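If you read the sequences in order, they're chains F and D. Counted from 1, the first sequence has number 35 at position 35 by UniProt numbering; the numbering is strictly sequential. Counted from 1, the second sequence has number 193 at position 193 by UniProt numbering; the numbering is strictly sequential. Yeah, the Cβ is synthetic: ideal placement off N, Cα and C, and Gly gets one too. Keep in mind the model is a prediction, meaning the values are calculated, not measured. Each remark here refers to the structure printed beneath this line.
Protein chains: 2
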Amino acid sequence: MKQTNDDFDKFHRKPLQVSHAQKLLAAYGKPGPVEQIALEESHNRYLAEEIKAPHPFPRFRRSGMDGYAVRAEDTSGCSSEHVVWLDVIDEVPCGFVSDKEVTPGTAMRIMTGAQVPEGANAVVMLEMTEQREYEGSIQVGLKRKIETGKNITPIGFEVDEGEVLMLPGRRIQAGEISVLASFGVHQVTVYQKPRIAIFSTGSELLTVEEPLQPGKIRNSNTYMLASQVREAGGEPYILEAVMDDLALAKAKVERALQEYDAVITSGGVSVGDYDIMGDFVRSDSVDMLYNKIAMRPGSVTTAAVKDGKLLFALSGNPGACFVGFELFVRPFIQQTLGSDKPYLTEWTAVLAQDYTKVNAFTRFVRGRLDARDGILYAVPAKVDESSVMVTIKDSDCLIVIPPAKEKTPAGSKVKVLMLKGSPL
Amino acid sequence: MKQTNDDFDKFHRKPLQVSHAQKLLAAYGKPGPVEQIALEESHNRYLAEEIKAPHPFPRFRRSGMDGYAVRAEDTSGCSSEHVVWLDVIDEVPCGFVSDKEVTPGTAMRIMTGAQVPEGANAVVMLEMTEQREYEGSIQVGLKRKIETGKNITPIGFEVDEGEVLMLPGRRIQAGEISVLASFGVHQVTVYQKPRIAIFSTGSELLTVEEPLQPGKIRNSNTYMLASQVREAGGEPYILEAVMDDLALAKAKVERALQEYDAVITSGGVSVGDYDIMGDFVRSDSVDMLYNKIAMRPGSVTTAAVKDGKLLFALSGNPGACFVGFELFVRPFIQQTLGSDKPYLTEWTAVLAQDYTKVNAFTRFVRGRLDARDGILYAVPAKVDESSVMVTIKDSDCLIVIPPAKEKTPAGSKVKVLMLKGSPL
Chain F
1 MKQTNDDFDK FHRKPLQVSH AQKLLAAYGK PGPVEQIALE ESHNRYLAEE
51 IKAPHPFPRF RRSGMDGYAV RAEDTSGCSS EHVVWLDVID EVPCGFVSDK
101 EVTPGTAMRI MTGAQVPEGA NAVVMLEMTE QREYEGSIQV GLKRKIETGK
151 NITPIGFEVD EGEVLMLPGR RIQAGEISVL ASFGVHQVTV YQKPRIAIFS
201 TGSELLTVEE PLQPGKIRNS NTYMLASQVR EAGGEPYILE AVMDDLALAK
251 AKVERALQEY DAVITSGGVS VGDYDIMGDF VRSDSVDMLY NKIAMRPGSV
301 TTAAVKDGKL LFALSGNPGA CFVGFELFVR PFIQQTLGSD KPYLTEWTAV
351 LAQDYTKVNA FTRFVRGRLD ARDGILYAVP AKVDESSVMV TIKDSDCLIV
401 IPPAKEKTPA GSKVKVLMLK GSPL
Chain D
1 MKQTNDDFDK FHRKPLQVSH AQKLLAAYGK PGPVEQIALE ESHNRYLAEE
51 IKAPHPFPRF RRSGMDGYAV RAEDTSGCSS EHVVWLDVID EVPCGFVSDK
101 EVTPGTAMRI MTGAQVPEGA NAVVMLEMTE QREYEGSIQV GLKRKIETGK
151 NITPIGFEVD EGEVLMLPGR RIQAGEISVL ASFGVHQVTV YQKPRIAIFS
201 TGSELLTVEE PLQPGKIRNS NTYMLASQVR EAGGEPYILE AVMDDLALAK
251 AKVERALQEY DAVITSGGVS VGDYDIMGDF VRSDSVDMLY NKIAMRPGSV
301 TTAAVKDGKL LFALSGNPGA CFVGFELFVR PFIQQTLGSD KPYLTEWTAV
351 LAQDYTKVNA FTRFVRGRLD ARDGILYAVP AKVDESSVMV TIKDSDCLIV
401 IPPAKEKTPA GSKVKVLMLK GSPL
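This is the structure we're talking about:
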């Protein structure tokens, strides 16, 4: 209790802009090691190879219809008064190839998706034809002229041979898997999931299983962060909480920095007697990158580096912790997964209600998006104090409110950062 | 090859509207069995219990600042000329409770997040105070009047006791986990993942490992569908392809309908000789629900039921297969996970480019959303033929183009269905 006013400045805190802090961190976010996995296991992993088409797609002239493969020239004289009859010389089911050729006066029965035979240059829909037996042959009757190329998907219609289909860093989902399977990529090279250690600090924290005790609260941030790490593409490791003891905290965090790809802590970064992470990042144990960001919530958000590994010391306030992860940790994880767009997608929306708080720092307000009549509205959460956790679950974006001396009125254009995996 | 025009109507196909088909299916989509899992394992699972707050949150008066807990009344005479000195009788770190009471003329040192002691009704920021030792006591000096309640988060500020926080069917992500942890829910009751069997049909299909063969294509739909099943919350089981043999297909699909919660097939539903699923759903093996939908792509989309289990026979065209899953199978999976909003979220956007195709059926066009200056634009994919797979990966919405005889011009308001897990 010997604290004096001098202590308030003990961190020598100089606020950085969010983008400046992101730039500092980006020096450490590099694509990580890769591994090969089966295509079936690749959902939500991140591609570590460039996918080029080994062949055009489709790679043969593909029938778009059930019907008859014909020479368009043979149909030039057709009309409902003048049926042209062609000899049906073969049939081509899907997956089979005819060894015959469509010559003048002939046609082949063909199925949707089958390879159009040599000589044919159009497919007539089955519904447009008649069939008959004539002098021992099966014949198809056509009543209408057809253009060359009709109902045939040409070679390379979707993809040319050698075309780059996907770049490294791409998240693999249904559409990507469809492409990989179509081109025979049954073993996919993906980035390994970065292993992220998570600590909470503070002896006020109960584990989630413990009964309540006076004055204490349950540790919720580590579980929340683990979920955020998973959603961002990493593998979370929840480690035992760091108590309010600097030597112990140092030992635990230093060890984690050796063993994992990055370390997140929550809590212990505010100005105060027991703000242990603040003390830690000012020690000679690590090199501090920043310990104040010009933002709300989470201005105390801190980062440091040791042997090229990042320590993210996030605020212990749930709202600030959530935002700090999305702005700083998620991009790092995305960078190790090869992403060239590691930051949250930014859109411009219309503020649906007045936002009355004013601040010298940029605010990242939890909110919900809604599109009505072509206008994208951003609806701020009712309570967005940094300490509030209950509104995180209802948010699908962060509304960016620049420093303001007056309220931001409804109807203002605001930037919104889209939260991934959100309940849109 | 004895097919006649009569065969074209052999399915007696009567197109249903999408919403009508969804209504028919909804009779079979009921919340499924539940299981208990650890909170740490609950990311992206679906809650099967109502979560009510067992206590208010915060459940004690919480200090929002590092500073001193005081009686506001004691500060009424403060000014920079007239410093009021209070005896500091205790300190309250986070997680601890003082057994003393703040009485007139006294104060307590308190940390952010700590429980405000009895008798105190405001917290003064550390930065606003001075400290001194006076006659053996530690004293804090205040220069400014403070209002009652200042820097104290009241009990129940976020949540009242008994308040319903989350309903069954909610997808558990970071925000939900934060709530569950805060209220000590370390074992979560979730819906079991529905087990979905996936078959492809057609002897034209190579497995993804096989070398190319003339006329054949690789099976990509089953892998794509497996990814869609995962994203929707189910557990996919890729079964051996069903060849073009009705008896074999019947046996395989019937067995799968017994063993799994639902069965998806892709392919074999168009009009044609080898369209085996068409034959299957018209057999007495299952009861057909519908075999034509008034939509593009995927008008041949079919569904049937056997012993209360659904068979979704989707188109073999990748684009149509993808859309059929999102419109019909995903809602079923979501219903078994307790969701009361099982369908894709619908927004209204502005069409960014002319859409030139016309059709008697509603089109679900793959597209991309973009928000510029507060306007939400929907950009249709360049090629969206039902057979095309390459544009699925770049889509984050389906643009709904109603039946039209003329092109839909740029600037039109269009409904868009938001694809989950999309690359926004």
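Proximity of residue i and residue j at Cβ, strictly below 8 Å
i: Gly156(D); j: Pro56(D); result: yes
i: Val358(D); j: Lys407(D); result: yes
i: Tyr237(D); j: Tyr260(D); result: yes
i: Phe364(F); j: Leu25(F); result: no
i: Thr391(F); j: Ser270(D); result: no
i: Leu398(D); j: Glu326(D); result: yes
i: Ala378(D); j: Ala352(D); result: yes
i: Gly319(D); j: Thr301(D); result: no
i: Ala69(F); j: Ala107(F); result: yes
i: Gly64(D); j: Thr129(D); result: no
i: Tyr28(F); j: Gly411(F); result: no
i: Val400(F); j: Lys420(F); result: no
i: Glu101(D); j: Glu118(D); result: yes
i: Arg71(F); j: Glu91(F); result: no
i: Thr265(D); j: Ala313(D); result: yes
i: Tyr46(D); j: Ile172(D); result: yes
Residue environment, residue i, which counts as buried when at least 16 other CB atoms sit within 10 Å
i: Gly105(D); result: exposed
i: Val18(D); result: buried
i: Asp340(D); result: exposed
i: Glu210(D); result: exposed
i: His20(F); result: exposed
i: Ser137(F); result: exposed
i: Glu385(D); result: buried
i: Lys2(F); result: Low local confidence applies: a pLDDT of 37 at Lys2(F) is under 50, so the model's placement there is unreliable, and no value is given.
i: Ala251(D); result: exposed
i: Arg372(D); result: exposed
i: Ala226(D); result: buried
i: Lys10(F); result: Because Lys10(F) sits at a pLDDT of 46, beneath the cut-off of 50, its placement in the model cannot be relied upon, and the following sentence gives the value as read from the coordinates. Answer is exposed; the Cβ neighbour count stays below 16.
i: Leu424(F); result: Residue placement at Leu424(F) is flagged as unreliable, the pLDDT there being 48, under the threshold of 50; the coordinate-derived value follows with that caveat. Buried, by the Cβ-count rule.
i: Ala360(D); result: exposed
i: Pro297(D); result: buried
i: Ser387(F); result: buried
i: Thr75(F); result: buried
i: Asp354(F); result: exposed
i: residue 457(F); result: Residue 457(F) falls outside the range modelled here, since chain F spans only 1 to 424, and no answer is possible.
i: Arg132(F); result: exposed
i: Gln258(F); result: exposed
i: Gly234(F); result: buried
i: Phe280(F); result: buried
i: Leu248(F); result: exposed
Pick from the options that is closest to residue i, judged by C-alpha positions
i: Asn221(F); options: Pro211(F), Gly215(F) and Leu239(F); result: Leu239(F)
i: Phe199(D); options: Ile152(D), Gly149(D) and Ala256(D); result: Ala256(D)
i: Asp394(D); options: Asn291(F), Lys292(F) and Ala174(F); result: Ala174(F)
i: Arg62(F); options: Lys216(D), Lys252(D), Pro33(D) and Arg372(D); result: Lys216(D)
i: Ser315(D); options: Lys306(D), Thr348(D), Val286(D) and Met277(D); result: Met277(D)
i: Ala304(D); options: Met295(D), Glu254(D), Ile333(D) and Ala349(D); result: Glu254(D)
i: Ser182(D); options: Phe183(F), Glu176(F), Thr207(F) and Ser182(F); result: Thr207(F)
i: Glu147(D); options: Ala27(D), Tyr68(D), Asn121(D) and Leu419(D); result: Asn121(D)
i: Gly202(D); options: Gln228(D), Ala349(D), Val242(D) and Gly338(D); result: Val242(D)
Identified DSSP bridge partners for residue i
i: Ala122(F); result: Val70(F)
i: Asp370(F); result: Tyr377(F)
i: Thr345(F); result: Beta-bridge pairing links Thr345(F) to no other residue.
i: Val400(F); result: Phe364(F) and Lys415(F)
i: Leu314(F); result: Ser266(F)
i: residue 425(D); result: Because residue 425(D) is not part of the residues shown, which for chain D are 1 to 424, the question remains open.
i: Ile155(F); result: Partner(s): none; Ile155(F) has no beta bridge.
i: Asn359(F); result: Ala404(F)
i: Cys141(D); result: The sequence given here has Gly at residue 141(D), not Cys. For Gly141(D), which the question treats as bridged, DSSP gives the partners Trp85(D) and Glu130(D).
Mind the definition here: the region 182-196 of chain D touches the region 74-81 of chain F only if three or more C-beta pairs lie below 8 Å; say whether that holds. no
Specify whether the region 130-147 of chain D and the region 155-169 of chain F touch according to this definition: at least 3 beta carbon pairs, one from each stretch, less than 8 Å apart. no
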